[in-house]
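>
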Amino acid sequence: MNGTCFICDEAKIVRQNRKIGELICSACYQREIKPKEVCTLCQVEKRVAVSDKQGGAICSACYHREIKPKEVCTLCEVEKRVEVRNKQGGAICAACYQRDRRAKLRATLQASRST
Ligand SMILES: [Zn+2]
Ligand SMILES: [Zn+2]
Ligand SMILES: [Zn+2]
1 MNGTCFICDE
11 AKIVRQNRKI
21 GELICSACYQ
31 REIKPKEVCT
41 LCQVEKRVAV
51 SDKQGGAICS
61 ACYHREIKPK
71 EVCTLCEVEK
81 RVEVRNKQGG
91 AICAACYQRD
101 RRAKLRATLQ
111 ASRST
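Numbered per the numbering used here, the sequence shown spans residues 1 to 115.
1) Give the single residue among 19, 74, 76 and 40 whose Cα lies nearest to the Cα of residue 55.
2) Is there contact here, the stretch 85 to 95 with the stretch 104 to 115, by at least three beta-carbon pairs under 8 Å?
3) So the beta strand (DSSP E) residue 109 belongs to, where does it begin and stop?
4) Using three-state DSSP, classify residue 57 as helix, strand or coil.
5) Excluding the 5 residues flanking residue 72 on each side, which residues of the same chain have their C-beta closer than 6 Å to its C-beta?
6) Out of 75, 84 and 101, which one is the CA nearest neighbour of residue 69?
7) The beta strand (DSSP E) that contains residue 14, what's its start and end?
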């Protein structure tokens, strides 16, 4: 329904929240009210990002560290977690991405200095 959110005070699509008995928009619900779960991997109570196959909650930090698929980096040819992809869709690891960024930055600095 349409109404004014109790938290952000904006006219939005809101829902009556049973717990506090006020109208809350979905953004504020996600941010302020949604119950947290304990991550099955790090055992820390957090907002969880994904569920594993068994339905266990996994926080985004653990997801990136443990679950995100690995691929062979197109630059260093080591199997690592993919940081970015190049235009061809090839995997680039974090180390190569950083190195590449630094190289570009240096080139930019040198170019600006020579003018
Ligand atoms: Zn709101
Ligand atoms: Zn975790
Ligand atoms: Zn690499």
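C-beta: ideal position from N, C-alpha, C; glycine also. In this text, all values refer to a predicted model and were calculated from it rather than measured experimentally.
Straight from the coordinates:
1) Reading the sequence shown from its first residue, position 55 is the one you call residue 55. Among 19, 74, 76 and 40, the Cα nearest to that of residue 55 is on 40.
2) no
3) Start at 1 with the first residue of the sequence shown, and residue 109 comes out as number 109. Taken as a continuous stretch (DSSP letters only), residue 109 belongs to no beta strand (DSSP E), being part of the alpha helix (DSSP H) at 94 to 114.
4) Within the sequence shown, residue 57 is the residue found at index 57, counting from 1. Note: residue 57 maps to strand in three-state DSSP.
5) As a position in the sequence shown, residue 72 is number 72, starting the count at 1. Answer for residue 72: 79, listed in chain order.
6) Position 69 of the sequence shown, counted from the first residue, corresponds to residue 69. Minimum Cα distance to residue 69 is reached at 84.
7) Taking the first residue of the sequence shown as 1, we reach residue 14 at position 14. Here the beta strand (DSSP E) through residue 14 covers 11 to 17.
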